[in-house]
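A.B. asks: Can you read through this structure? Questions will come right after.
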Ligand code: DMJ
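In this note's numbering, the protein residues as written are 1 to 586.
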């Protein structure tokens, strides 16, 4: 196996001490002003998913007068072994898994957007042809893992075959995070190979017209061939067809102007009006990356901000819940209620601005549902606690209580608990966690369950799962990365080997139940059924995220150190830089 590029000067990662020199290229991309706009484009497109923003519940940070009574933060084990060297056998097992995935894709479907490992074929997102979804999404993982031969072949495909001249509609957000994100990370990690910048710039030029709306917020779809933004008519025609001629500067500034009390965001914004729509408020699908990027934009640009603080306060005030029996911490969703005729009982601007939430009477229903996607939040809160929530920089590893603000200590505690909860959702027949779990509420008829079974039910369950019936969609594991992403962050921030052990258990479950003998990996239809049944699909985020975060969990800390890198929501690393332009945070 070739020596990983990011570690090329290290002979043996196991011997690397805790504080090691930065990778030689760590600042290269940051110095390129021409990439600045593209980074902004990537980051702004984060806002695509997002959609909203209240902000009244500001939590003053108690920087002074804190009690130092606690010797340790919750979740910090005083006896933690600070293992920062690589676990080489486990790291290399992850590399082997990546090769098993990539080589099958390359053999059967090279260049196609998506891969189907049982039918040994690829498919494209549209009939107009592929846009390098899998190749662009995977190539930076090859650079990080030191897979030079695979990298060279993928690079050749990008140089010779990749085309964005496709007259069809693509999802703006997904194209940005996966393809643009992958190209820009490859540009940085390859020591500025101009090929990747050229391709990223071409893609950026094709995506930018989506921002030509009255508000400056981008449309959800983009026709890459025609270079036109396209509204998403599947969502109630919310985005009507007018496309303005002006490209307004900064999505974050629009989001800041649209922000609402309570720090929370609903999952839809109107690109016409630049305001939030009445829709679900959640940390799962369509909402996750908004909250993730609040801290990541701040970290990447070294800007001060308060939107992150407000959002974390809102999450704690309204969404964080505790399960009734095992006291697991989870986040619920707020959903606007409708009449029998489907009309909304509430409208978001009025409700959020004029009332304090009262879930019994405000027309909002608290749903105890948590997507696997939410599992990014545990690690994200821990990262935020040690940066935005820190009183000293850098904080110790693991952080000491007196190094964190009151909000930082709150976020650290919740982050640690959420990681525990996500691990609890792996307590299934396969050791894999389902796509969605529901938590029992005090009003649920627990007594009936106890009477019928003689047992107290578990705190969480997979909705719609009944023995003998076809599994519900909630029961799937589709190779998602969020739990291992949090384990990676938790390990880097604490050095606690329990996180490596947990990541290894997940990796082994993936190997046992998702690995396809002839090559590739496949989603599992029911995490609670053995032997498993598969769906014939290998999601691109297996190679861009899940295996990358597992690899980083087992490498030494000189590889992509958290002080120097921020990962986009598809796990593509970008260097931290000091922007020479206004970001919308300031
Ligand atoms: C990835 O494409 C990204 O992480 C995205 O932000 C959310 N979902 C998937 C992985 O689960």
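In this text, a Cβ means the ideal position worked out from N, Cα and C, and glycines have one as well.
Nearest CA to the CA of residue 332: which residue from 368, 338, 317?
C.D. replies: Indexing the chain shown from 1 puts residue 332 at position 332. Closest option to residue 332, Cα to Cα, is 368.
A.B. asks: Keeping to the same chain, check which residues put their C-beta closer than 8 Å to that of residue 404; ignore five residues upstream and five downstream.
C.D. replies: Residue numbering aside, residue 404 sits at position 404 when the chain shown is read from its first letter. These residues qualify, in order along the chain: 73, 385, 386, 389, 390, 391, 395, 412.
A.B. asks: Please tell me whether residue 523 and residue 178 are closer than 8 Å, where the distance is taken between their beta carbons.
C.D. replies: Here residue 523 is taken as the residue at index 523 of the chain shown, counted from 1. Here residue 178 is taken as the residue at index 178 of the chain shown, counted from 1. No.
A.B. asks: Quick check on DSSP: helix, strand or coil for residue 25?
C.D. replies: To locate residue 25, count along the chain shown from 1; it is residue 25. Any reading at residue 25 must be qualified, since the residue scores a pLDDT of 32, below 50, and its modelled position is unreliable; no value is offered.
A.B. asks: Between the stretch 101-111 and the stretch 555-563, do three or more beta carbon pairs fall short of 8 Å?
C.D. replies: Not touching, per the Cβ criterion.
A.B. asks: Taking the continuous beta strand (DSSP E) assigned at residue 369, which residues delimit it?
C.D. replies: The residue you call residue 369 lines up with position 369 of the chain shown. Start and end: 369-371.
A.B. asks: Have a look at 127, 101, 126, 128 and flag the residue whose alpha-carbon is nearest the alpha-carbon of residue 115.
C.D. replies: Stepping through the chain shown from its first residue, residue 115 is reached at position 115. Closest by alpha carbon: 101.
A.B. asks: Please determine whether the Cβ atom of residue 482 lies at a distance below 7 Å from any heavy atom of the ligand DMJ.
C.D. replies: As a first step, residue 482 is located in the chain shown; it is residue number 482 there, counting from the start. At least one heavy atom of the ligand DMJ is nearer than 7 Å to the Cβ of residue 482, so yes.
A.B. asks: Assuming contact is defined by CB atoms lying nearer than 8 Å, are residue 527 and residue 421 in contact in what I supplied?
C.D. replies: For the purposes of this step, residue 527 is taken as residue 527 along the chain shown, with counting starting at 1. For the purposes of this step, residue 421 is taken as residue 421 along the chain shown, with counting starting at 1. Going by C-beta atoms, residue 527 is not nearer than 8 Å to residue 421.
A.B. asks: Does the separation of the CB atoms of residue 589 and residue 291 fall below 8 Å?
C.D. replies: Shown here, the chain extends from 1 to 586; a query on residue 589 therefore has no answer.
A.B. asks: Checking the sheet assignment: what are the DSSP bridge partners for residue 170?
C.D. replies: Looking up residue 170 in the chain shown gives position 170. Beta-bridge pairing links residue 170 to 222.
A.B. asks: Any heavy atom of the ligand DMJ closer than 7 Å to the Cβ of residue 288?
C.D. replies: Translated into the one-based positions of the chain shown, residue 288 becomes position 288. Because some heavy atom of the ligand DMJ lies under 7 Å away, the Cβ of residue 288 counts as near it: yes.
A.B. asks: Less than 7 Å separating the Cβ of residue 545 from some heavy atom of the ligand DMJ?
C.D. replies: The residue given as residue 545 occupies position 545 in the chain shown. Flag set: Cβ of residue 545 near the ligand DMJ.
A.B. asks: I'd like the list of long-range same chain contacts for residue 441, defined as Cβ closer than 6 Å, with 5 residues on each side in sequence excluded.
C.D. replies: Taking the first residue of the chain shown as 1, we reach residue 441 at position 441. Excluding positions up to five away in sequence, the list reads 368.
A.B. asks: Can you say whether residue 503 is buried or exposed, counting buried as having 16 or more other CB atoms within 10 angstroms of its CB?
C.D. replies: The residue given as residue 503 occupies position 503 in the chain shown. Answer is buried; the Cβ neighbour count reaches 16.
A.B. asks: With respect to 7 Å, is the separation between the Cβ of residue 570 and the closest non-hydrogen atom of the ligand DMJ below this value?
C.D. replies: By one-based count along the chain shown, residue 570 stands at place 570. Indeed, a heavy atom of the ligand DMJ lies less than 7 Å from the Cβ.
A.B. asks: With burial defined as no fewer than 16 other Cβ atoms inside 10 Å of the residue's Cβ, what is the status of residue 337: buried or exposed?
C.D. replies: To locate residue 337, count along the chain shown from 1; it is residue 337. So residue 337 counts as exposed.
A.B. asks: State the DSSP-derived secondary structure class of residue 539, mapped to helix, strand or coil.
C.D. replies: Here the question's residue 539 lines up with position 539 in the chain shown. DSSP places residue 539 in coil when its eight states are reduced to three.
A.B. asks: Can you determine whether any heavy atom of the ligand DMJ sits closer than 7 Å to the C-beta of residue 177, and answer yes or no?
C.D. replies: Taking the first residue of the chain shown as 1, we reach residue 177 at position 177. Result yes, Cβ under 7 Å from the ligand DMJ.
A.B. asks: I'd like the list of long-range same chain contacts for residue 483, defined as Cβ closer than 6 Å, with 5 residues on each side in sequence excluded.
C.D. replies: Here residue 483 is taken as the residue at index 483 of the chain shown, counted from 1. The residues are 375, 422.
A.B. asks: Heavy atom of the ligand DMJ less than 7 Å from the Cβ of residue 488, yes or no?
C.D. replies: Counting from 1 along the chain shown, the entry for residue 488 is found at position 488. No, the beta carbon of residue 488 sits no closer than 7 Å to any heavy atom of the ligand DMJ.
A.B. asks: Around the Cβ of residue 513, are there at least 16 other Cβ atoms within 10 angstroms (buried) or fewer (exposed)?
C.D. replies: Position 513 of the chain shown holds residue 513. Looking at its Cβ environment, which holds 16 or more other Cβ atoms inside 10 Å, residue 513 is buried.
A.B. asks: Ordered along the chain, which non-local residues of its own chain (more than five positions away) have a Cβ less than 6 Å from that of residue 17?
C.D. replies: Reading the chain shown from its first residue, position 17 is the one you call residue 17. Because residue 17 sits at a pLDDT of 34, beneath the cut-off of 50, its placement in the model cannot be relied upon, and the point is left open.
A.B. asks: What are the residues that DSSP puts in a beta bridge with residue 335?
C.D. replies: As a first step, residue 335 must be located in the chain shown, where it is residue number 335. 365.
A.B. asks: Where do the N-terminal and C-terminal ends of the alpha helix (DSSP H) with residue 554 fall, by residue?
C.D. replies: The residue you call residue 554 lines up with position 554 of the chain shown. 547-554 is the extent of the alpha helix (DSSP H) around residue 554.
A.B. asks: Out of curiosity, what's the CA-to-CA distance linking residue 456 and residue 329?
C.D. replies: Taking the chain shown and counting its residues from 1, one reaches residue 456 at position 456. Taking the chain shown and counting its residues from 1, one reaches residue 329 at position 329. If you take the alpha carbons of residue 456 and residue 329, they lie about 19 Å apart.
A.B. asks: Between 532, 382, 397, 161, which lies nearest to residue 409 when the distance is taken from Cα to Cα?
C.D. replies: To locate residue 409, count along the chain shown from 1; it is residue 409. Comparing Cα-Cα distances from residue 409 to each of 532, 382, 397, 161, the minimum goes to 382.
A.B. asks: When we look at the beta-carbon of residue 152 and count the other beta-carbons within 10 Å, is it buried (16 or more) or exposed?
C.D. replies: Taking the first residue of the chain shown as 1, we reach residue 152 at position 152. Flag for residue 152 reads exposed.
A.B. asks: Do residue 225 and residue 128 count as a contact pair if the criterion is CB distance below 8 Å?
C.D. replies: As a working mapping, residue 128 is identified with position 128 in the chain shown. As a working mapping, residue 225 is identified with position 225 in the chain shown. Yes; because the gap between Cβ atoms is below 8 Å, this pair is in contact.
A.B. asks: Classify residue 321 as helix, strand or coil using the three-state DSSP reduction.
C.D. replies: Numbered from 1 along the chain shown, position 321 holds the residue referred to as residue 321. Three-state DSSP puts residue 321 in a strand.
A.B. asks: Could you give the C-beta distance for residue 474 and residue 434, rounded to a whole number, given that I count them as a contact under 8 Å?
C.D. replies: On the chain shown, residue 474 is found 474 positions in, with the first residue counted as 1. On the chain shown, residue 434 is found 434 positions in, with the first residue counted as 1. About 6 Å; that satisfies the 8 Å criterion.
A.B. asks: For residue 114, which beta-bridge partners are listed by DSSP?
C.D. replies: The residue labelled residue 114 in the question sits at position 114 within the chain shown. Paired residues: 123.
A.B. asks: Roughly how many whole angstroms lie between the Cα atoms of residue 283 and residue 335?
C.D. replies: The residue you call residue 283 lines up with position 283 of the chain shown. The residue you call residue 335 lines up with position 335 of the chain shown. Cα-Cα distance, rounded: 12 Å.
A.B. asks: Measure the C-alpha to C-alpha separation of residue 280 and residue 419 and round it to an integer number of angstroms.
C.D. replies: Start at 1 with the first residue of the chain shown, and residue 280 comes out as number 280. Start at 1 with the first residue of the chain shown, and residue 419 comes out as number 419. Looking at the two C-alpha atoms, the distance is approximately 24 Å.
A.B. asks: What do you reckon, is the C-beta of residue 373 under 7 Å from a heavy atom of the ligand DMJ?
C.D. replies: On the chain shown, residue 373 is found 373 positions in, with the first residue counted as 1. Residue 373 Cβ: within cutoff of the ligand DMJ.
A.B. asks: With C-beta atoms as the reference, is residue 477 less than 8 Å away from residue 490?
C.D. replies: Within the chain shown, residue 477 is the residue found at index 477, counting from 1. Within the chain shown, residue 490 is the residue found at index 490, counting from 1. Contact flag unset, no.
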